[in-house]
Ligand code: P1T
């Protein structure tokens, strides 16, 4: 979706010398309005959900911009324009899930191509790379992206993509998007960022030099645990064309109702993110001195290895917190997870409800145990997606669950 179809939200003010000055609307205004205009035929303020698989043509090829719904749909167009505006991108291609968007990206490479990524990343991404694309001949190196020199050493003449997930899932490492993008460009490599954990409210990778930014919109963007979706945003016409070709050819298109739910969720993204961040800070600060807790991962702590970078690169520290208990037997972690009442035991994140999960057996189970442990993901790690409930209730819930363990 080109930003040319995004409604002009800029406001015009008259300066002292009488000339007009345009200001880009703020994030909240874009979240609510970008890509959406009242429906011209009815005035409906929300975009219609276009339940249609095809579009009538006046003569072959003479149509109103839409031919077949695998390729495009007006509700999807609205979502794509909205997401592009949030990431400051020229283009957005919406997919049926976060994994479908990474799948499309990886399909643009050919056997022998090499990709460098982080050794702490969503287990599903690792599974797609190693179990689906490695058998097709793509090659992967998973490195600690905090060490930019080590990343430079991992790059070979066949490297085509540097895939950065930051903050990482589930260890909440934070990587320097500007430095890594610069390294990628020096060696003619595409820099892509999975921005799912931050959301565009906290971090906008294209402005930091990345070529591609990807979201599982299932998470903070959708925000209400009621839809699965994905998207890639870019300023590159060439990447836009390649990824649109893949939606058309391979068909991982989101349905119109899913696009509508995402559009509706995004309208409150900025408000929700503020509460997610506040609550996560309170939870992290409660857990850290707790006598049963050994270690808490949250980029807001001053002694987090990338705290200064996170402060520079992100607007706030996000809604995710991971921790390990002093008694690091997984069974003890299981007892905590069984005892929470407000935090629900479930995969996923970024919804209004607080979730608790066990990455080693749930979201990251497809990473071999020795690889998981080597990257610092212990079998007793507990991950929290801190929701937007009342802070006191979240802390009381964790307090009683830790007591019970
Ligand atoms: O679930 P899906 O919309 O396909 O998105 C995949 C995905 C991609 N990138 C990151 C960083 C993710 O966290 C995810 C999905 N993660 C979970 C379901 C989870 O509980 O961690």
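In the working numbering, the protein residues as written are 20 to 424.
Yeah, the Cβ is synthetic: ideal placement off N, Cα and C, and Gly gets one too.
Since the model is a prediction, treat every value here as computed from it, not as a measurement.
C-beta atoms of residue i and residue j nearer than 8 angstroms
{"i": "residue 175", "j": "residue 133", "result": "yes"}
{"i": "residue 232", "j": "residue 212", "result": "yes"}
{"i": "residue 216", "j": "residue 186", "result": "yes"}
{"i": "residue 77", "j": "residue 67", "result": "no"}
{"i": "residue 363", "j": "residue 122", "result": "no"}
{"i": "residue 241", "j": "residue 287", "result": "no"}
{"i": "residue 399", "j": "residue 352", "result": "yes"}
{"i": "residue 137", "j": "residue 184", "result": "yes"}
{"i": "residue 162", "j": "residue 196", "result": "no"}
{"i": "residue 1", "j": "residue 407", "result": "Here the chain comprises residues numbered 20 to 424, so residue 1 is not present and cannot be evaluated."}
{"i": "residue 404", "j": "residue 237", "result": "no"}
{"i": "residue 383", "j": "residue 392", "result": "no"}
{"i": "residue 394", "j": "residue 139", "result": "yes"}
{"i": "residue 104", "j": "residue 110", "result": "no"}
{"i": "residue 106", "j": "residue 252", "result": "yes"}
Supposed contact pair residue j and residue i - C-beta distance, whole angstroms, cut 8 angstroms
{"i": "residue 396", "j": "residue 189", "result": "7 angstroms"}
{"i": "residue 222", "j": "residue 333", "result": "5 angstroms"}
{"i": "residue 200", "j": "residue 210", "result": "4 angstroms"}
{"i": "residue 342", "j": "residue 312", "result": "6 angstroms"}
{"i": "residue 319", "j": "residue 348", "result": "With a Cβ gap of about 28 angstroms, residue 319 and residue 348 do not count as contacting."}
{"i": "residue 115", "j": "residue 273", "result": "5 angstroms"}
{"i": "residue 291", "j": "residue 371", "result": "7 angstroms"}
{"i": "residue 402", "j": "residue 376", "result": "5 angstroms"}
{"i": "residue 101", "j": "residue 54", "result": "4 angstroms"}
{"i": "residue 266", "j": "residue 90", "result": "7 angstroms"}
{"i": "residue 264", "j": "residue 94", "result": "Not quite, the Cβ-Cβ distance comes to about 21 angstroms (not below 8 angstroms), so this is no contact."}
{"i": "residue 128", "j": "residue 205", "result": "The Cβ separation is near 20 angstroms, so there is no contact."}
{"i": "residue 47", "j": "residue 289", "result": "5 angstroms"}
{"i": "residue 155", "j": "residue 130", "result": "7 angstroms"}
Chain B within 8 angstroms of residue i, Cβ atoms only
{"i": "residue 245", "result": "As a matter of chain content, chain B is missing from the structure shown, which is built from one protein chain."}
Residue of the options minimising C-alpha distance to residue i
{"i": "residue 307", "options": "177, 290 and 417", "result": "417"}
{"i": "residue 239", "options": "56, 44 and 337", "result": "337"}
{"i": "residue 324", "options": "271, 266 and 191", "result": "191"}
{"i": "residue 409", "options": "206, 204 and 295", "result": "295"}
{"i": "residue 65", "options": "98, 264 and 138", "result": "98"}
{"i": "residue 214", "options": "262, 226 and 81", "result": "226"}
{"i": "residue 310", "options": "424, 103, 93 and 157", "result": "424"}
{"i": "residue 268", "options": "48, 251, 71 and 88", "result": "88"}
{"i": "residue 234", "options": "182, 260, 401 and 293", "result": "182"}
{"i": "residue 385", "options": "141, 156, 110 and 160", "result": "141"}
{"i": "residue 14", "options": "284, 315 and 75", "result": "Examination of residue 14 is not possible in this model, given that the chain is present from 20 through 424 alone."}
{"i": "residue 282", "options": "47, 43, 151 and 51", "result": "51"}
{"i": "residue 125", "options": "261, 289, 326 and 379", "result": "261"}
{"i": "residue 247", "options": "84, 119 and 69", "result": "119"}
{"i": "residue 420", "options": "356, 264 and 365", "result": "356"}
{"i": "residue 45", "options": "220, 203 and 303", "result": "220"}
{"i": "residue 108", "options": "207, 62, 60 and 49", "result": "49"}
{"i": "residue 293", "options": "415, 369, 143 and 84", "result": "369"}
{"i": "residue 71", "options": "61, 85 and 79", "result": "85"}
{"i": "residue 414", "options": "387, 359 and 388", "result": "359"}
{"i": "residue 244", "options": "224, 277 and 150", "result": "277"}
{"i": "residue 331", "options": "198, 285, 378 and 256", "result": "198"}
{"i": "residue 298", "options": "83, 412 and 387", "result": "412"}
{"i": "residue 164", "options": "304, 365 and 203", "result": "203"}
{"i": "residue 258", "options": "208, 303 and 302", "result": "208"}
{"i": "residue 56", "options": "42, 83, 96 and 302", "result": "96"}
{"i": "residue 157", "options": "177, 80, 304 and 143", "result": "177"}
Checklist entry - At which residue ranges does the segment 37-86 contain complete alpha helix (DSSP H) runs of 4 or more residues, listed in the order of the chain? => result 46-52
Item to check | Every unbroken alpha helix (DSSP H) inside the segment 308-345 [4 residues or more] | outcome: 326-332
Item to check | beta strand (DSSP E) runs contained entirely in the segment 120-173, provided each spans 3 or more residues | outcome: 133-137 and 158-162
Item to check | Every unbroken alpha helix (DSSP H) within the segment 361-387, with a cutoff of 4 residues, ordered by chain | outcome: none
Item to check | Whole runs of the alpha helix (DSSP H) within the segment 255-290, excluding any shorter than 4 residues | outcome: 256-269 and 275-285
Next on the checklist: Please give the ranges of any beta strand (DSSP E) in the segment 174-247, keeping only runs that are unbroken, at least 3 residues long and fully inside the region.
Outcome noted: 178-184, 209-213 and 231-235
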